[in-house]
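Please read the structure below before turning to the comments.
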Amino acid sequence: MKEWKGKGRLFVVAVDGPAASGKGTLARRLAERFGLAVLDTGSLYRATARLVLDENGDPADPVTAEAAAKHVDLRLLDDPRLRADSVARAASVVAAIPEVRRELLGAQRNFAAHPPAPARGAVLDGRDIGTVVCPQADVKLFITAKIEARAARRVKELREQGAPAIYENVLQDLNERDARDSGRGAAPLKAADDAHVIDTTMLDADEVFERVCRLVARALEEKEWQQ
58 MKEWKGKGRL FVVAVDGPAA SGKGTLARRL AERFGLAVLD TGSLYRATAR LVLDENGDPA
118 DPVTAEAAAK HVDLRLLDDP RLRADSVARA ASVVAAIPEV RRELLGAQRN FAAHPPAPAR
178 GAVLDGRDIG TVVCPQADVK LFITAKIEAR AARRVKELRE QGAPAIYENV LQDLNERDAR
238 DSGRGAAPLK AADDAHVIDT TMLDADEVFE RVCRLVARAL EEKEWQQ
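My numbering puts the first residue of the sequence shown at 58, with every later residue one more than the last.
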């Protein structure tokens, strides 16, 4: 376990990128490796979408979506229903609503500032961590890959879970989600100016992990952390 030497601020790693880029797996592995807490911020939007769908609401309706966002807390994020494709599509819709993003921003920043014990820092993954949620993060990563590679990975993941998956449908869905995420007016998906951009198209998960571990370890050393 690493301990901060008097700087008064916890160590934060921001992991951004499009859907199915591998950022979630990377964030979890980094958290385990460096003794940090981890938050998949996309789950907050999935939880919001799930609450809207449970009430037969319209995810595109700002009033309905904002009301749902007010009832989201971290205890909802372990619900396996949040991984359903229907929820993922609805989450991309609610995430484009400025009122929803404002409502969920505080929870994300609070997690980064006050991660659960015994963690001495946090890894957050999402779409706008390095640009909006934690612009002062110690390490900013933008994980991307060609959309064809991301679609193939998503199909493999779904089939391993026993879910039916057609490559062409997954590819179309990712194209639509990319367009919404990058084109929205509120906190669009983009790399921070000082982010390390890593294209994982030709890399496996272990190669990406080792490369990023070196970046994080260097940042820890520069900020005078100690074992």
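From the three backbone atoms N, C-alpha and C, an ideal C-beta is built for every residue, glycine too.
Indicate the three-state DSSP secondary structure (helix, strand or coil) for L181 in the structure shown. strand
Over the uninterrupted beta strand (DSSP E) stretch that includes I255, give me the two end residues. H253 to D256
Hey, T105 and A84: beta-carbon distance below 8 Å or not? no
Range of the contiguous alpha helix (DSSP H) that encloses V190: Taken as a continuous stretch (DSSP letters only), V190 belongs to no alpha helix (DSSP H), as it is neither H nor E.
Which value, in whole angstroms, describes the spacing of the CA atoms of A209 and L228? 8 Å
Check each candidate in L93, L215, N226 and L246 and name the one with the smallest Cα separation from G187. L246
Determine the contact status of K80 and D238, defining contact as a CB-CB distance below 8 Å. no
Decide yes or no for the touch test of the stretch 149 to 161 against the stretch 114 to 128: beta carbon pairs closer than 8 Å, at least 3 of them. yes
Using 10 angstroms around the beta-carbon of A249, count the other beta-carbons present and answer buried if the total reaches 16, otherwise exposed. buried
Between the C-alpha atoms of D261 and T82, what's the straight-line distance to the nearest angstrom? 12 Å
Start-end ranges of the alpha helix (DSSP H) lying completely within the stretch 96 to 124, minimum 4 residues: 99 to 111
Would you mind sorting I223 into buried or exposed? The rule is 16 or more other CB atoms within 10 Å of its CB. exposed
Could you tell me the alpha carbon to alpha carbon distance between D251 and V196, rounded to whole angstroms? 9 Å
So which of E217, A145, V180 and C191 has the shortest CA-CA distance to R86? V180
Extent of the continuous beta strand (DSSP E) to which A222 belongs: That residue, A222, is in no beta strand (DSSP E); it is neither H nor E in DSSP.
Can you check whether the C-beta of V120 is within less than 8 Å of a C-beta belonging to chain B? Here chain B cannot be found, since the structure has a single protein chain.
With a 10 Å radius around its C-beta and 16 neighbouring C-beta atoms as the bar for buried, classify Q165 as buried or exposed. buried
Checking the sheet assignment: what are the DSSP bridge partners for F291? Within the shown structure, residues of the chain are numbered from 58 to 284, placing residue 291 beyond reach of any answer.
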